[in-house]
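**Q**
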Amino acid sequence: MTPEEEFAEALRVRRKAAGLSLGELSRLVNYSKSYLSRVENGTRMPGPALARECDTVLHAEGELLGLLPDRPARPLPAGPSARPGRRGRRRGPGPSGVAPAPAGTSGTSGTSGSSRTSRTSGTSGSEFDQLIRRGDARHLLGDMYEAGRLYLAAYRAAEGDDLARAHAVVRCARRWSDPGQVDRELLARIDECLKTLAGREDLPAVELRLRLTAHRAKKLTMGVGDDTAVAGAEPGTSVDRARGVLRELRDRLPGIGAETHCEVLTECRWALYDFAPAAELLALSAELRDVAVRSRSMYFIGEALVALAIDQLRVGRVTAADATVRRHREHAAHRHSTLAHWQQGTLDALMNLWQGEFAAAEEWILGESRTIAETMERDLAVPADTLSQTCLGQAYWLRHEQGRMAELFDSPLMAGVRRRDYFPVWRAGLALALCETGRHDQAADQVLAFAADTGGFTRFPPSGWALPTAAVLAQACAELAVRDVRVGELLPYVPPLRALLDAHPGELVLAGWPTVLLGPAARFSGLLALVAGEPETALGHLRRAVRLAQHSPAQMTRLRLDEARARLRSDSAAVRAGARGLARTALGTAEELGMAAVARDCRRFLRLPATRP
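Quick note: the sequence shown uses our numbering, first residue 376, plus one each step.
(1) What does DSSP give as the partner residue(s) for proline 895 in the beta ladder?
(2) So, for histidine 703: in the same chain, excluding its five sequence neighbours on each side, which residues have a beta-carbon less than 7 Å away from its beta-carbon?
(3) When burial is assigned at 16 or more other CB atoms within 10 Å of the CB, is lysine 331 buried or exposed?
(4) Going straight from the alpha carbon of glutamate 854 to that of aspartate 937, what length do you get?
(5) From threonine 765 to glutamate 521, what distance separates their C-alpha atoms?
(6) Going by the CB atoms, is the gap between arginine 802 and phenylalanine 825 shorter than 7 Å?
(7) In whole angstroms, give me the CA-to-CA distance for glycine 632 and glutamate 582.
(8) Distance check for serine 744 and leucine 714, CA to CA, integer angstroms please.
(9) In whole angstroms, what separates the C-alpha of glycine 398 from that of glutamate 384?
(10) Below 7 Å between beta carbons: does that hold for leucine 433 and arginine 402?
(11) Which residues in the same chain as aspartate 686 place their Cβ atom closer than 7 Å to its Cβ, once the five residues preceding and following it in sequence are excluded?
(12) Just to confirm my understanding: we take glutamate 381, look at its own chain, exclude 5 residues before and 5 after, and list those with CB closer than 7 Å. What are they?
(13) Give the C-beta separation of arginine 540 and alanine 548 to the nearest angstrom, bearing in mind that I take them to be a contact with Cβ-Cβ under 8 Å.
(14) Are there 16 or more other CB atoms within 10 angstroms of the CB of arginine 531, so buried, or fewer, so exposed?
(15) Helix or strand or just coil, what does DSSP make of arginine 461?
(16) What are the boundary residues of the alpha helix (DSSP H) that includes tryptophan 717?
(17) Excluding the five sequence neighbours on either side, which residues of its own chain have a C-beta within less than 6 Å of the C-beta of leucine 914, listed in chain order?
(18) In its own chain, which residues sit with a C-beta less than 6 Å from the C-beta of serine 613, not counting the 5 before and 5 after it?
(19) Where aspartate 566 and arginine 898 are concerned, what is the direct C-alpha to C-alpha distance, given to the nearest angstrom?
(20) Along the chain, where does the alpha helix (DSSP H) that runs through arginine 419 open and close?
(21) So, at 8 Å on beta carbons, what are the nonlocal neighbours of threonine 960 in its own chain, with the 5 sequence-adjacent residues on each side left out?
(22) Which residues in the same chain have their Cβ closer than 6 Å to the Cβ of leucine 957, if we skip the five residues on either side of it in sequence?
(23) Assess contact between the region 840-847 and the region 877-895, defined as three or more Cβ pairs (one per stretch) separated by less than 8 Å. Is contact present?
(24) With contact counted as at least three CB pairs below 8 Å, one residue from each stretch, are the region 859-866 and the region 691-707 in contact?
(25) Could you tell me the distance, in whole angstroms, from the CA atom of arginine 978 to the CA atom of alanine 965?
(26) Taking contact to mean at least 3 C-beta pairs separated by less than 8 Å, is the region 660-669 in contact with the region 417-436?
(27) Between Pro836, Leu585, Gly830, which has its C-alpha nearest leucine 621's C-alpha?
(28) Under the three-state reduction of DSSP, which class applies to glutamate 436: helix, strand or coil?
(29) Could you pull the start and end residues of the alpha helix (DSSP H) that glutamine 925 belongs to?
(30) Just verifying my parser: in three-state terms, what is the DSSP assignment at methionine 780?
(31) Among Leu411, Cys852, Leu872, Asp536, whose alpha-carbon lies nearest the alpha-carbon of glutamate 864?
(32) Whose CA, out of His716, His542, Cys568, lies closest to the CA of glutamate 634?
(33) According to DSSP, is leucine 451 helix, strand or coil?
(34) Report yes if the C-beta distance between tyrosine 406 and leucine 386 is below 7 Å; otherwise report no.
What follows is the structure, encoded as structure tokens:
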């Protein structure tokens with residue numbers, strides 16, 4: 376793609392996202408429609424004046440200006456009367472109106488607010504800067520593969536300049552990775568750059584070393600099993616690295632730039648995700664939001680808002696998370712990026728599922744979300760599995776909530792669940808799907824095989840992906856126990872799942888990054904207590920769960936049925952007396968929301984004798 380074509384595509388995407396016709400844009404920027412048409416067709420490269428006007432009108436944050444190739448600065452007439460006209464405005468010292476920084480130093484670009492490094496040896500600095508700017512523009516538009524290609528070209532062009540190469544690798548590391556997979560090639564480049572920067576104490580080298588180490592810590596945590604991990608990524612090792620980088624960052628503040636501060640917080644938070652308490656991560660994401668706002672980086676503001684919403688949800692602050700999601704909606708609209716729009720739709724669907732608004736969720740999940748994901752993956756805009764796993768996760772939970780798992784099980788989507796069983800939560804999800812479609816012995820086989828492969832569920836990390844995996848397993852075990860299917864075989868594996876869930880009594884279980892809220896961890900602790908034959912303990916957990924889920928009609932429906940089952944097994948006649956009333960209430964809400972399986976279970980429960988089984 377030529378520079379003219381690249382600018383043309385970015386302009387066209389921005390204009391259409393803003394809802395403007397070519398004629399309307401022409402009037403706003405005061406350039407002829409025919410001239411703009413040639414620019415948008417890729418036959419004419421605009422000057423900086425037009426690019427700047429389009430940036431302003433389309434809220435592109437310097438993205439369009441950054442796509443211009445470098446041109447020699449023209450001398451300006453001397454004297455006070457020299458005033459630039461529309462087509463002869465004074466050009467700033469750098470390609471985006473900001474003077475290029477010396478090698479390795481920070482300078483805010485108009486595209487993503489991230490630092491740029493000019494080359495000082497070998498290939499010209501202008502070529503390196505242009506590749507980085509073009510990569511930033513593609514990344515901001517959500518075209519991660521093309522961004523990665525441009526960043527890699529910048530890396531190769533910077534041979535002989537350690538700082539510039541490290542800078543390009545940092546950009547490469549921002550690209551999404553496939554869930555559960557480790558990018559070994561990227562790790563090798565990070566290690567190479569860290570080796571060349573080792574021992575240097577000049578500020579540019581220090582900042583790049585902090586960034587690279589933070590990315591390395593995060594990338595090493597991507598592997599979730601023996602088949603996907605790499606040597607040196609054993610549980611806990613990345614946590615130590617991440618905490619070490621955070622300590623060094625804080626020791627060096629306030630000398631470290633805001634963008635490096637943002638980058639280290641972003642990557643270290645993800646590196647800690649599977650190991651640190653959610654409350655600790657919430658403190659990091661709140662700090663990230665504040666620093667990102669100060670940095671005025673569109674990239675880091677977006678990262679901060681998603682991270683903050685995730686952490687607020689996990690600690691049960693759903694109202695605060697909803698406000699953060701609304702703020703992200705404004706951010707996504709400002710960016711005019713298809714990927715940002717998809718992320719916002721995914722957040723909205725997550726909230727719709729939580730609130731029991733299944734029709735609104737289904738419209739997005741089985742409609743526009745899948746269309747966007749299929750298009751972006753077909754066009755190689757993002758890693759192939761990143762969007763599809765999120766779409767599949769939301770479709771899975773939608774059908775689970777509606778009691779229509781059989782439809783999902785008989786559709787091509789179920790092949791996606793089976794194909795991704797390297798990821799623990801999908802192994803658990805398959806067991807639950809088998810339960811909900813009447814294949815109870817197969818479900819028990821699935822749970823037992825999973826236990827055998829993970830040391831009886833003792834090899835999970837303490838948080839992160841382990842929590843939704845344990846939650847889904849708990850629900851599968853509970854379903855098998857209700858139908859008295861091979862409970863004796865399952866009981867030895869209940870304690871480690873209980874220990875994991877019991878450690879998070881005040882949290883909501885979030886699957887994906889983010890995909891769906893499964894419910895309070897306390898609810899799943901209660902289900903396992905009931906499987907273990909401890910109804911009083913189960914009731915205590917379920918009451919704690921109610922405090923977190925009281926604003927979710929769908930969750931409250933399930934919790935009332937859970938409590939009814941626990942009450943019916945109590946030794947106290949007074950406790951048992953309230954069971955049927957809870958089941959009737961759950962039945963009414965389940966029918967109202969269209970939760971067919973829960974409604975069916977409520978009717979089955981109400982046919983049971985009102986005595987302790």
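Built from N, CA and C at the ideal position, the CB exists for glycine as well.
**A** Let me lay it out:
(1) To locate residue 895, count along the sequence shown from 1; it is residue 520. Paired residue(s): Leu883.
(2) Walking along the sequence shown from the start, residue 703 turns up at place 328. The answer, listed in chain order, is Leu680, Val681, Ala684, Gln719, Leu722.
(3) Only positions 376 to 988 of the chain appear in the structure, and residue 331 is not among them; the question remains open.
(4) Start at 1 with the first residue of the sequence shown, and residue 854 comes out as number 479. Start at 1 with the first residue of the sequence shown, and residue 937 comes out as number 562. Answer to the nearest angstrom: the Cα atoms are 11 Å apart.
(5) As a position in the sequence shown, residue 765 is number 390, starting the count at 1. As a position in the sequence shown, residue 521 is number 146, starting the count at 1. Cα to Cα, the separation comes out at about 22 Å.
(6) The sequence position of residue 825 within the sequence shown is 450, counting from 1. The sequence position of residue 802 within the sequence shown is 427, counting from 1. In contact: phenylalanine 825 and arginine 802 (Cβ atoms closer than 7 Å).
(7) Your numbering for residue 632 matches position 257 in the sequence shown. Your numbering for residue 582 matches position 207 in the sequence shown. Between glycine 632 and glutamate 582, the C-alpha separation is close to 8 Å.
(8) Translated into positions along the sequence shown, residue 714 becomes position 339. Translated into positions along the sequence shown, residue 744 becomes position 369. About 10 Å.
(9) Residue mapping note: residue 398 aligns to position 23 of the sequence shown, counting from 1. Residue mapping note: residue 384 aligns to position 9 of the sequence shown, counting from 1. Looking at the two C-alpha atoms, the distance is approximately 17 Å.
(10) Here residue 433 refers to the residue found at position 58 when the sequence shown is read from its first residue. Here residue 402 refers to the residue found at position 27 when the sequence shown is read from its first residue. Not in contact: leucine 433 and arginine 402 (Cβ atoms no closer than 7 Å).
(11) One-based indexing of the sequence shown puts residue 686 at position 311. Ala653, Leu656, Leu657, Ser660.
(12) Along the sequence shown, read from residue 1 onward, the residue named residue 381 stands at position 6. Same-chain partners within the cutoff: Leu442, Arg509.
(13) To locate residue 540, count along the sequence shown from 1; it is residue 165. To locate residue 548, count along the sequence shown from 1; it is residue 173. 13 Å between Cβ atoms; not a contact.
(14) For the purposes of this step, residue 531 is taken as the residue at position 156 of the sequence shown. So arginine 531 ends up on the exposed side.
(15) By 1-based counting over the sequence shown, the position of residue 461 is 86. Because arginine 461 sits at a pLDDT of 35, beneath the cut-off of 50, its placement in the model cannot be relied upon, and the point is left open.
(16) Working through the sequence shown from its first residue, we reach residue 717 at position 342. Looking at the DSSP string, the run of the alpha helix (DSSP H) that includes tryptophan 717 is 713-729.
(17) In the sequence shown, residue 914 corresponds to position 539, counting from 1. Excluding sequence neighbours, leucine 914 sits near Ala941.
(18) In the sequence shown, counting from the first residue as 1, residue 613 sits at position 238. Hits under 6 Å: Ala592, Leu595, Thr596, Ala646.
(19) If you number the sequence shown from 1, residue 566 lands on position 191. If you number the sequence shown from 1, residue 898 lands on position 523. Each residue's alpha carbon lies about 43 Å from the other.
(20) Locating residue 419 in the sequence shown gives position 44, counting from the first residue. Where arginine 419 is concerned, there is no enclosing alpha helix (DSSP H), given that its DSSP letter is neither H nor E.
(21) On the sequence shown, position 585 is the one that residue 960 refers to. Same-chain partners within the cutoff: Arg935.
(22) To locate residue 957, count along the sequence shown from 1; it is residue 582. If we look at leucine 957 and ignore the five residues flanking it on each side, its Cβ neighbours are Arg935, Glu938, Ala939.
(23) yes
(24) no
(25) For the purposes of this step, residue 978 is identified with residue 603 of the sequence shown, where counting begins at 1. For the purposes of this step, residue 965 is identified with residue 590 of the sequence shown, where counting begins at 1. Looking at the two C-alpha atoms, the distance is approximately 11 Å.
(26) no
(27) By 1-based counting over the sequence shown, the position of residue 621 is 246. Of Pro836, Leu585, Gly830, the residue nearest in Cα terms is Leu585.
(28) Walking along the sequence shown from the start, residue 436 turns up at place 61. DSSP places glutamate 436 in coil when its eight states are reduced to three.
(29) Within the sequence shown, residue 925 is the residue found at index 550, counting from 1. First-last for glutamine 925: undefined, no H or E at that position.
(30) Residue 780 sits at position 405 when you count from the first residue of the sequence shown. Helix.
(31) Residue numbering aside, residue 864 sits at position 489 when the sequence shown is read from its first letter. The shortest C-alpha separation from glutamate 864 is found at Cys852.
(32) Within the sequence shown, residue 634 is the residue found at index 259, counting from 1. Comparing Cα-Cα distances from glutamate 634 to each of His716, His542, Cys568, the minimum goes to His542.
(33) Walking along the sequence shown from the start, residue 451 turns up at place 76. Low per-residue confidence applies at leucine 451: pLDDT is 36, beneath 50, and the placement is therefore not dependable enough to give any value.
(34) In the sequence shown, the residue the question calls residue 406 occupies position 31. In the sequence shown, the residue the question calls residue 386 occupies position 11. No, the Cβ-Cβ distance between tyrosine 406 and leucine 386 is not below 7 Å.
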